[in-house]
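For the sequence shown, our numbering assigns the number 668 to the initial residue and increments by one for each residue that follows.
Working notes for the structure below.
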Amino acid sequence: MTDSELKSFLDEKVVLYNNTDFIESDPVQIPHLFTQKEDVEIAGFLSATISWGNRKMIIKNAHKMMDLLGNAPYDFVMSHQETDLERLDTFVHRTFNGQDFMGFIKGLQHIYQNHGGLEPVFSQNIKSDDLQNSIHKFKQLFFEIQHLNRTQKHISDPLKGSAAKRINMFLRWMVRQDNKGVDLGIWKSISPALLSCPLDVHSGNVARKLGLLTRKQNDGKALAELDLNLRRLDPIDPVKYDFALFGLGVFEGF
């Protein structure tokens, strides 16, 4: 395939998958439950954090998270007492347990109380032409407060070689304005051109078959290679192709 043929092929797949039908089988449905900005952010962040494994189980457990927060995530984060956290202790999604959940609530409270909220932390720490430094800085600030060492593994650090799939997916939800009703696009201070593809097994395999990726591991170096190639196809909205790569892999077995 020539570059123009590849772009046409992928653009068609974006149209096919980047629509509201996508929501019913994807954890992006969780932040769509809310309207207040902070509720959307927190619901999105927590849902993205547990987005690995079986998708039905991810969605089920993300709904459970919201239930445990009284379906008012921002109010819970900012107003909870220590005794309120006890109800979170029973939560578990794979290796993310109740203790991690409690730690995340405290970390989020710290971000909102002391650093202005999630959007400012990411927008104020941009370096170069991507958000890798912003993710790195966010992790530092999130864990400034006392926390369990085990909880740190649930936020990846791209400056340590991770593709940071889940947090890049969260950023896509918050930043990208797709006008299709899927990505929420509530953060206006960050350009969608800076977003990175949420690289996972499915998107990575499809990208390799299409010649967009040569590196075998799904790590930070692979993400940089994929980002470069996707930005050549669309420098303004490169991560729209996440829908094409994911859809081809998951729904079409490409």
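Glycine included, C-beta positions come from ideal geometry on N, C-alpha and C.
- Between Met668 and the set Arg899, Gly878 and Asp904, the nearest pair of CA atoms involves Gly878.
- The alpha-carbon of Glu892 is positioned some 11 Å away from that of Arg875.
- The DSSP-derived three-state label of Lys820 is helix.
- Non-local C-beta neighbours of Leu736 in its own chain, meaning closer than 7 Å and more than five positions away in sequence, comprise Phe743, ordered along the chain.
- A distance below 8 Å separates the beta carbons of Glu811 and His777.
- Put simply, the region 711-723 touches the region 756-772. At least three CB pairs are less than 8 Å apart.
- In the DSSP assignment, the residues bridged to Asn764 are Val759.
- Following the DSSP letters along the chain, one finds Met724 inside the alpha helix (DSSP H) bounded by residues Arg722 to Leu735.
- For Lys907, the secondary structure class from DSSP, reduced to helix, strand or coil, is helix.
- Between Val873 and Leu900, the CB-CB gap reaches or exceeds 8 Å.
- For the options Asp767, Pro859 and Leu808, the alpha carbon positioned closest to that of Arg817 is the one of Asp767.
- In this structure, Leu851 places its C-beta atom within 8 Å of the C-beta atom of Pro698.
- 8 Å or more divides the Cβ of Met732 from the Cβ of Phe701.
- Around the beta carbon of Glu919, fewer than 16 other beta carbons lie within 10 angstroms, which makes this residue exposed.
- Where Ile834 is concerned, the enclosing alpha helix (DSSP H) starts and stops at Lys832 to Val842.
- With fewer than 16 other Cβ atoms inside 10 Å of its own Cβ, Leu895 counts as exposed.
- Contact between the region 839-853 and the region 820-831 is absent: fewer than three C-beta pairs spanning the two stretches fall below 8 Å.
- In the three-state reduction of the DSSP assignment, Lys704 falls in the helix class.
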